[in-house]
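Novice: Below is one structure. I have some questions about it.
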Amino acid sequence: MDNRPIGVFDSGLGGLTVLKEIRRILPNESIVYFGDCGRTPYGVKSPETVRRYTFQNTRFFLEVGVKLLVIACNTSSACAYGPVAGALGGLGVPVVEVIRPGAAAAASATRNRRVGVIGTAATIASGVYVDVLGETDPDIQVFAKACPLFVPIAEEGPGWWDHVSARIIAEEYLGGLRETGIDVLLLGCTHYPLLGGVISAALGGGIMLVSSAQAVAAEVSARLGALGLCAGSESEGGGGVGSESEGGGAGKAGGEGGSRGEVSPQIRFYTSDSPEKFEPLCGAILGEPAGACVQKLDIDKYESRLP
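Per my numbering: the sequence shown = residues 9 to 315.
Here it is in C-alpha coordinates:
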(Lines of atoms letter the chains of each structure in order from A and count residues from 1; the text may use other names and numbers.)
(Lines give C-alpha, C1' and ligand atoms only; values in the text may rest on other atoms or scores of the structure.)
Protein backbone atom coordinates (compact mmCIF):
# COMPACT_ATOMS: atom_id res chain seq x y z
CA MET A 1 0.00 0.00 0.00
CA ASP A 2 1.45 3.35 -1.08
CA ASN A 3 -0.66 6.44 -0.42
CA ARG A 4 1.72 8.95 -1.96
CA PRO A 5 0.05 10.97 -4.75
CA ILE A 6 0.27 10.58 -8.50
CA GLY A 7 1.53 13.71 -10.22
CA VAL A 8 -0.11 14.94 -13.44
CA PHE A 9 0.86 18.05 -15.39
CA ASP A 10 -0.05 19.79 -18.62
CA SER A 11 0.52 23.15 -20.25
CA GLY A 12 -2.96 24.10 -19.05
CA LEU A 13 -6.39 22.52 -18.76
CA GLY A 14 -6.05 19.68 -21.28
CA GLY A 15 -4.42 17.26 -18.86
CA LEU A 16 -7.62 17.31 -16.81
CA THR A 17 -9.11 15.00 -19.45
CA VAL A 18 -6.41 12.50 -18.46
CA LEU A 19 -6.87 13.12 -14.73
CA LYS A 20 -10.60 12.45 -15.10
CA GLU A 21 -9.92 8.99 -16.56
CA ILE A 22 -7.26 8.18 -13.96
CA ARG A 23 -9.66 9.11 -11.20
CA ARG A 24 -12.44 7.04 -12.78
CA ILE A 25 -10.46 3.79 -12.81
CA LEU A 26 -8.29 4.52 -9.75
CA PRO A 27 -10.66 6.17 -7.23
CA ASN A 28 -8.43 5.33 -4.26
CA GLU A 29 -5.46 7.30 -5.58
CA SER A 30 -4.51 10.80 -4.47
CA ILE A 31 -3.53 13.13 -7.31
CA VAL A 32 -1.69 16.43 -7.55
CA TYR A 33 -2.34 18.32 -10.79
CA PHE A 34 -0.40 21.26 -12.19
CA GLY A 35 -1.76 23.26 -15.12
CA ASP A 36 0.85 25.70 -16.44
CA CYS A 37 -1.83 28.14 -17.64
CA GLY A 38 0.47 31.14 -17.18
CA ARG A 39 2.81 29.83 -19.91
CA THR A 40 0.37 28.03 -22.19
CA PRO A 41 0.44 27.08 -25.02
CA TYR A 42 3.61 24.98 -25.13
CA GLY A 43 3.02 23.92 -28.72
CA VAL A 44 4.14 27.17 -30.32
CA LYS A 45 7.39 27.36 -28.34
CA SER A 46 10.81 25.97 -29.19
CA PRO A 47 11.80 22.46 -28.02
CA GLU A 48 14.40 24.05 -25.74
CA THR A 49 11.77 26.18 -24.02
CA VAL A 50 9.39 23.23 -23.68
CA ARG A 51 12.15 21.17 -22.07
CA ARG A 52 12.95 23.99 -19.65
CA TYR A 53 9.30 24.26 -18.62
CA THR A 54 8.98 20.49 -18.33
CA PHE A 55 12.08 20.23 -16.14
CA GLN A 56 10.73 22.94 -13.81
CA ASN A 57 7.39 21.12 -13.58
CA THR A 58 9.22 17.90 -12.79
CA ARG A 59 11.18 19.59 -10.00
CA PHE A 60 7.90 20.69 -8.41
CA PHE A 61 6.55 17.14 -8.40
CA LEU A 62 9.74 15.78 -6.90
CA GLU A 63 9.33 18.30 -4.07
CA VAL A 64 5.74 17.13 -3.58
CA GLY A 65 6.91 13.52 -3.34
CA VAL A 66 4.88 11.79 -6.05
CA LYS A 67 5.14 8.05 -6.58
CA LEU A 68 4.50 8.26 -10.35
CA LEU A 69 4.51 11.20 -12.79
CA VAL A 70 2.16 11.56 -15.76
CA ILE A 71 3.28 13.96 -18.51
CA ALA A 72 -0.26 14.72 -19.70
CA CYS A 73 0.98 17.06 -22.41
CA ASN A 74 1.81 15.81 -25.90
CA THR A 75 4.30 18.60 -26.56
CA SER A 76 6.22 17.89 -23.35
CA SER A 77 6.04 14.18 -24.07
CA ALA A 78 7.47 14.73 -27.55
CA CYS A 79 10.25 17.09 -26.44
CA ALA A 80 11.26 15.90 -22.97
CA TYR A 81 9.98 12.44 -22.06
CA GLY A 82 13.35 10.73 -22.53
CA PRO A 83 15.42 12.88 -20.16
CA VAL A 84 12.62 13.11 -17.58
CA ALA A 85 12.06 9.34 -17.57
CA GLY A 86 15.80 8.74 -17.31
CA ALA A 87 16.31 11.14 -14.42
CA LEU A 88 13.25 10.04 -12.44
CA GLY A 89 13.89 6.38 -13.15
CA GLY A 90 17.16 6.77 -11.29
CA LEU A 91 15.17 8.09 -8.34
CA GLY A 92 12.64 5.25 -8.43
CA VAL A 93 9.78 7.36 -9.83
CA PRO A 94 8.18 5.91 -12.99
CA VAL A 95 7.01 8.28 -15.73
CA VAL A 96 4.05 7.79 -18.07
CA GLU A 97 3.67 9.91 -21.20
CA VAL A 98 0.69 10.28 -23.55
CA ILE A 99 2.03 9.59 -27.03
CA ARG A 100 2.62 5.83 -27.07
CA PRO A 101 -0.63 4.89 -25.31
CA GLY A 102 -2.59 7.12 -27.69
CA ALA A 103 -0.81 5.75 -30.76
CA ALA A 104 -1.47 2.18 -29.63
CA ALA A 105 -5.18 2.98 -29.20
CA ALA A 106 -5.36 4.50 -32.70
CA ALA A 107 -3.53 1.55 -34.25
CA SER A 108 -5.99 -0.84 -32.64
CA ALA A 109 -9.00 1.20 -33.79
CA THR A 110 -8.16 1.65 -37.48
CA ARG A 111 -9.54 -0.84 -39.99
CA ASN A 112 -8.06 0.55 -43.21
CA ARG A 113 -4.69 1.55 -41.72
CA ARG A 114 -5.12 5.21 -42.64
CA VAL A 115 -4.79 7.31 -39.47
CA GLY A 116 -4.99 11.06 -39.08
CA VAL A 117 -3.14 12.83 -36.29
CA ILE A 118 -3.73 16.40 -35.13
CA GLY A 119 -1.62 18.18 -32.55
CA THR A 120 0.28 21.33 -31.71
CA ALA A 121 2.86 22.68 -34.13
CA ALA A 122 5.71 21.38 -31.97
CA THR A 123 4.24 17.89 -31.60
CA ILE A 124 3.54 17.50 -35.32
CA ALA A 125 6.95 18.95 -36.29
CA SER A 126 8.69 16.40 -34.03
CA GLY A 127 7.36 13.55 -36.18
CA VAL A 128 6.93 11.44 -33.07
CA TYR A 129 3.48 10.12 -33.96
CA VAL A 130 4.61 9.10 -37.45
CA ASP A 131 7.52 7.23 -35.87
CA VAL A 132 5.55 5.55 -33.09
CA LEU A 133 2.64 4.53 -35.31
CA GLY A 134 5.14 3.17 -37.82
CA GLU A 135 6.78 1.11 -35.10
CA THR A 136 3.37 -0.18 -34.00
CA ASP A 137 2.30 -1.16 -37.54
CA PRO A 138 4.54 -0.41 -40.55
CA ASP A 139 1.52 -0.62 -42.87
CA ILE A 140 -0.24 2.36 -41.26
CA GLN A 141 -0.29 5.55 -43.32
CA VAL A 142 -0.24 8.67 -41.17
CA PHE A 143 -1.74 12.00 -42.19
CA ALA A 144 -0.65 14.68 -39.71
CA LYS A 145 -1.95 18.22 -39.31
CA ALA A 146 -0.96 20.94 -36.84
CA CYS A 147 -3.94 22.75 -35.26
CA PRO A 148 -2.31 25.40 -33.04
CA LEU A 149 -5.41 27.51 -32.39
CA PHE A 150 -7.33 24.66 -30.77
CA VAL A 151 -5.41 25.00 -27.47
CA PRO A 152 -6.18 28.70 -26.82
CA ILE A 153 -9.81 28.09 -27.79
CA ALA A 154 -10.04 25.19 -25.33
CA GLU A 155 -8.45 27.31 -22.61
CA GLU A 156 -11.18 29.95 -23.02
CA GLY A 157 -13.78 27.63 -21.51
CA PRO A 158 -17.04 25.86 -22.40
CA GLY A 159 -18.60 28.85 -24.13
CA TRP A 160 -15.97 28.53 -26.86
CA TRP A 161 -15.82 24.75 -27.26
CA ASP A 162 -18.76 24.76 -29.69
CA HIS A 163 -18.60 28.43 -30.73
CA VAL A 164 -19.09 29.38 -34.37
CA SER A 165 -15.47 30.59 -34.52
CA ALA A 166 -14.27 27.17 -33.33
CA ARG A 167 -16.33 25.52 -36.05
CA ILE A 168 -14.86 27.80 -38.72
CA ILE A 169 -11.29 27.12 -37.55
CA ALA A 170 -11.95 23.36 -37.40
CA GLU A 171 -13.24 23.42 -40.99
CA GLU A 172 -10.12 25.29 -42.09
CA TYR A 173 -7.77 22.87 -40.35
CA LEU A 174 -9.54 19.58 -41.05
CA GLY A 175 -11.17 19.97 -44.45
CA GLY A 176 -8.20 18.37 -46.19
CA LEU A 177 -8.18 15.35 -43.89
CA ARG A 178 -11.65 14.37 -45.11
CA GLU A 179 -10.12 13.63 -48.51
CA THR A 180 -7.38 11.30 -47.25
CA GLY A 181 -9.63 8.33 -46.52
CA ILE A 182 -8.70 8.10 -42.83
CA ASP A 183 -11.04 6.11 -40.61
CA VAL A 184 -9.44 7.22 -37.32
CA LEU A 185 -8.32 10.63 -36.11
CA LEU A 186 -5.95 10.61 -33.16
CA LEU A 187 -6.31 13.68 -30.97
CA GLY A 188 -2.62 14.31 -30.33
CA CYS A 189 -3.20 16.97 -27.68
CA THR A 190 -5.03 16.49 -24.40
CA HIS A 191 -6.91 19.78 -24.94
CA TYR A 192 -8.53 18.54 -28.14
CA PRO A 193 -11.20 16.23 -26.62
CA LEU A 194 -12.81 19.41 -25.27
CA LEU A 195 -13.45 20.38 -28.91
CA GLY A 196 -14.59 16.92 -29.94
CA GLY A 197 -17.96 18.14 -31.17
CA VAL A 198 -16.62 20.70 -33.63
CA ILE A 199 -13.85 18.34 -34.75
CA SER A 200 -16.35 15.56 -35.51
CA ALA A 201 -18.61 17.99 -37.35
CA ALA A 202 -15.72 19.24 -39.50
CA LEU A 203 -14.73 15.69 -40.45
CA GLY A 204 -18.23 14.44 -41.22
CA GLY A 205 -19.35 10.90 -40.49
CA GLY A 206 -17.43 7.65 -40.47
CA ILE A 207 -14.22 8.85 -38.77
CA MET A 208 -13.56 7.73 -35.19
CA LEU A 209 -11.92 10.16 -32.78
CA VAL A 210 -9.34 8.58 -30.48
CA SER A 211 -8.10 10.30 -27.32
CA SER A 212 -5.14 9.10 -25.28
CA ALA A 213 -6.86 9.67 -21.92
CA GLN A 214 -8.30 6.19 -21.39
CA ALA A 215 -5.15 4.46 -22.63
CA VAL A 216 -2.94 6.59 -20.38
CA ALA A 217 -5.12 5.85 -17.35
CA ALA A 218 -4.88 2.14 -18.11
CA GLU A 219 -1.09 2.45 -18.38
CA VAL A 220 -0.93 4.24 -15.02
CA SER A 221 -3.02 1.49 -13.42
CA ALA A 222 -0.84 -1.23 -14.90
CA ARG A 223 2.41 0.44 -13.83
CA LEU A 224 1.22 1.01 -10.27
CA GLY A 225 0.06 -2.58 -10.00
CA ALA A 226 3.25 -4.05 -11.43
CA LEU A 227 5.42 -1.98 -9.09
CA GLY A 228 3.29 -2.51 -5.98
CA LEU A 229 2.52 1.20 -5.69
CA CYS A 230 -1.29 1.13 -5.51
CA ALA A 231 -3.02 3.00 -2.72
CA GLY A 232 -4.75 0.95 -0.04
CA SER A 233 -8.44 0.11 -0.23
CA GLU A 234 -8.90 1.89 3.12
CA SER A 235 -9.08 5.07 1.06
CA GLU A 236 -12.25 4.01 -0.75
CA GLY A 237 -15.20 6.32 -0.38
CA GLY A 238 -13.36 9.26 1.17
CA GLY A 239 -11.98 12.52 -0.07
CA GLY A 240 -12.50 13.49 -3.68
CA VAL A 241 -12.14 16.69 -5.67
CA GLY A 242 -11.99 19.67 -3.35
CA SER A 243 -11.20 17.62 -0.25
CA GLU A 244 -8.70 19.10 2.15
CA SER A 245 -5.88 17.08 3.60
CA GLU A 246 -4.88 17.95 7.14
CA GLY A 247 -2.25 20.66 6.96
CA GLY A 248 -3.44 21.79 3.51
CA GLY A 249 -0.25 21.15 1.54
CA ALA A 250 0.08 19.10 -1.63
CA GLY A 251 2.83 17.10 -0.01
CA LYS A 252 0.30 15.83 2.51
CA ALA A 253 -1.92 14.33 -0.15
CA GLY A 254 -0.74 10.81 0.50
CA GLY A 255 0.05 11.26 4.18
CA GLU A 256 3.47 11.86 5.71
CA GLY A 257 4.01 8.17 6.24
CA GLY A 258 3.85 7.36 2.51
CA SER A 259 2.62 3.76 2.61
CA ARG A 260 1.57 3.88 6.27
CA GLY A 261 -1.81 4.83 7.70
CA GLU A 262 -5.35 5.07 6.38
CA VAL A 263 -5.67 8.20 4.25
CA SER A 264 -8.63 9.34 2.17
CA PRO A 265 -7.70 10.15 -1.45
CA GLN A 266 -7.11 13.84 -2.09
CA ILE A 267 -7.14 15.75 -5.38
CA ARG A 268 -5.24 19.02 -5.32
CA PHE A 269 -4.77 21.49 -8.14
CA TYR A 270 -2.07 24.03 -8.88
CA THR A 271 -1.91 26.62 -11.65
CA SER A 272 0.73 29.16 -12.64
CA ASP A 273 -2.03 31.64 -13.49
CA SER A 274 -5.24 32.71 -11.76
CA PRO A 275 -6.90 30.13 -9.45
CA GLU A 276 -10.13 32.11 -9.84
CA LYS A 277 -10.11 31.46 -13.58
CA PHE A 278 -8.86 27.88 -13.29
CA GLU A 279 -11.45 26.68 -10.78
CA PRO A 280 -14.64 27.02 -12.87
CA LEU A 281 -12.95 25.64 -15.99
CA CYS A 282 -11.62 22.71 -13.98
CA GLY A 283 -15.12 22.10 -12.65
CA ALA A 284 -16.58 22.19 -16.17
CA ILE A 285 -14.19 19.47 -17.34
CA LEU A 286 -14.41 17.22 -14.29
CA GLY A 287 -18.11 17.75 -13.67
CA GLU A 288 -17.62 18.88 -10.08
CA PRO A 289 -16.05 21.94 -8.45
CA ALA A 290 -12.40 22.04 -7.49
CA GLY A 291 -13.11 24.71 -4.88
CA ALA A 292 -10.44 25.84 -2.45
CA CYS A 293 -8.06 23.12 -3.60
CA VAL A 294 -6.82 25.31 -6.48
CA GLN A 295 -3.62 27.10 -5.50
CA LYS A 296 -1.29 29.50 -7.30
CA LEU A 297 2.18 28.06 -7.93
CA ASP A 298 5.29 30.13 -8.59
CA ILE A 299 6.80 27.67 -11.04
CA ASP A 300 9.71 29.96 -11.86
CA LYS A 301 11.30 29.28 -8.49
CA TYR A 302 12.08 25.71 -9.57
CA GLU A 303 15.30 24.83 -11.32
CA SER A 304 15.11 24.32 -15.08
CA ARG A 305 17.36 21.26 -15.01
CA LEU A 306 16.81 17.70 -13.91
CA PRO A 307 18.42 16.26 -10.77
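Ideal Cβ placement from N, Cα and C applies to all residues, glycine included.
(1) Which residue or residues does DSSP assign as beta-bridge partners of G15?
(2) Helix, strand or coil: which one does DSSP assign to V125?
(3) In its own chain, which residues sit with a C-beta less than 7 Å from the C-beta of G259, not counting the 5 before and 5 after it?
(4) So, under 8 Å CB-CB, V150 and V123 are touching, yes? Tell me the CB distance rounded to an integer number of Å.
(5) Considering only their Cβ atoms, is the gap separating A112 from T144 smaller than 8 Å?
(6) Exposed or buried, which one is K309 when buried takes at least 16 other CB atoms within 10 Å?
(7) In three-state terms, what does DSSP make of K304?
(8) Check whether the region 212 to 232 and the region 127 to 135 are in contact - that is, three or more C-beta pairs closer than 8 Å.
(9) Excluding the 5 residues preceding and the 5 following G32 in the sequence, name in chain order all residues of the same chain whose CB lies nearer than 8 Å to its CB.
(10) What did DSSP end up calling Y310 once you bin it into helix, strand or coil?
(11) Drop a sphere of 10 angstroms on the beta-carbon of P13, count the other beta-carbons inside from all chains shown, and report buried for 16 or more, exposed for fewer.
(12) Check the DSSP bridge columns for L153 and list the partner residues they point to.
(13) Can you name the start and end residues of the beta strand (DSSP E) that E179 belongs to?
(14) Assuming I79 contacts F17 under a Cβ cut-off of 8 Å, what Cβ separation, rounded to an integer in Å, is found between them?
(15) Please report the straight-line C-alpha distance between V104 and R59, rounded to a whole angstrom.
(16) Comparing alpha-carbon positions, which option in E187, V140, T198 lies nearest P156?
(17) Report the rounded CA-to-CA distance for S312 versus T279, giving the unit in angstroms.
(18) I need the DSSP call for Y316, collapsed to helix, strand or coil.
(19) Return helix, strand or coil for R276, following the three-state DSSP convention.
(20) In three-state DSSP terms, what is L141?
(21) Could you compute how far the alpha carbon of P55 sits from the alpha carbon of A130?
(22) If distances are taken between C-alpha atoms only, which option among G98, C238, F277 comes closest to P35?
(23) Beta-carbon within less than 6 Å of A221's beta-carbon, same chain only, minus the 5 sequence neighbours each way: which residues are those?
(24) Count the other CB atoms, across all protein chains shown, that sit within 10 Å of the CB of D44; report buried if there are 16 or more and exposed otherwise.
(25) Report all residues from its chain with a CB closer than 7 Å to the CB of G46; omit the five preceding and five following residues, and keep chain order.
(26) So for V103, helix, strand or coil by DSSP?
(27) Do the region 183 to 194 and the region 160 to 171 make contact, defined as three or more Cβ pairs closer than 8 Å?
(28) Considering L217, what are the terminal residues of the beta strand (DSSP E) in which it resides?
(29) Note down the Cα distance separating A209 from Y200, rounded to an integer number of angstroms.
(30) Would you report the Cα separation of R207 and F286, rounded to the nearest angstrom?
(31) Would you check if the distance between the CB atom of F69 and the CB atom of L305 is smaller than 8 Å?
Specialist: A quick look at the data gives this:
(1) The partner list for G15 (beta bridge, DSSP) reads V40, L77.
(2) Strand, per DSSP.
(3) Any reading at G259 is ruled out, since the residue's pLDDT is 40, under 50, leaving its predicted position unreliable.
(4) V123 and V150 do touch by the CB rule: their CB atoms are close to 6 Å apart, below 8 Å.
(5) It is a contact, given that the beta carbons lie within the stated cut-off.
(6) Under this definition K309 is an exposed residue.
(7) K304 sits in a strand when the DSSP states are folded into three classes.
(8) At 8 Å Cβ cutoff, the stretches do not touch.
(9) Reading off the sequence shown, one finds Arg at residue 32, where the question assumed Gly. Within the same chain, and ignoring the five residues on either side of R32 in sequence, the residues whose Cβ sits closer than 8 Å to its Cβ are A225.
(10) Of the three classes helix, strand and coil, the one that applies to Y310 here is coil, per DSSP.
(11) That one is buried.
(12) Note that residue 153 corresponds to Lys in the displayed sequence, not to Leu. Answer is I126.
(13) Segment 172 to 182 is the alpha helix (DSSP H) holding E179; no beta strand (DSSP E) there.
(14) Correct: roughly 7 Å between the Cβ atoms.
(15) Separation of V104 and R59 (C-alpha to C-alpha, rounded to the nearest whole angstrom) is 16 Å.
(16) Among E187, V140, T198, the Cα nearest to that of P156 belongs to T198.
(17) The alpha-carbon atoms of S312 and T279 are separated by roughly 18 Å.
(18) Only positions 9 to 315 of the chain appear in this structure, which leaves residue 316 out of reach.
(19) For R276, the three-state secondary structure derived from DSSP is strand.
(20) In the structure shown, L141 sits in a helix (DSSP, three-state: H, G or I).
(21) Taking the straight line from one Cα to the other gives about 7 Å.
(22) Ranking the options by Cα distance to P35, first place goes to C238.
(23) Counting only Cβ-Cβ distances below 6 Å, and skipping sequence neighbours, we find T25, V26, E29.
(24) Classification for D44: buried.
(25) For G46, where only same-chain residues beyond five positions count, the Cβ hits under 7 Å are S280, D281.
(26) V103 falls in the strand class under three-state DSSP.
(27) With a cut-off of 8 Å, the region 160 to 171 and the region 183 to 194 do not count as touching, because too few Cβ pairs lie within range.
(28) Taken as a continuous stretch (DSSP letters only), the beta strand (DSSP E) holding L217 covers 216 to 218.
(29) For A209 and Y200, the gap between their C-alpha atoms comes out near 14 Å.
(30) The residue you asked about is not Arg; residue 207 is Ile in the sequence shown. Pairing I207 with F286, the inter-Cα distance amounts to about 24 Å.
(31) In this structure, F69 sits away from L305, with a CB-CB distance that is not shorter than 8 Å.
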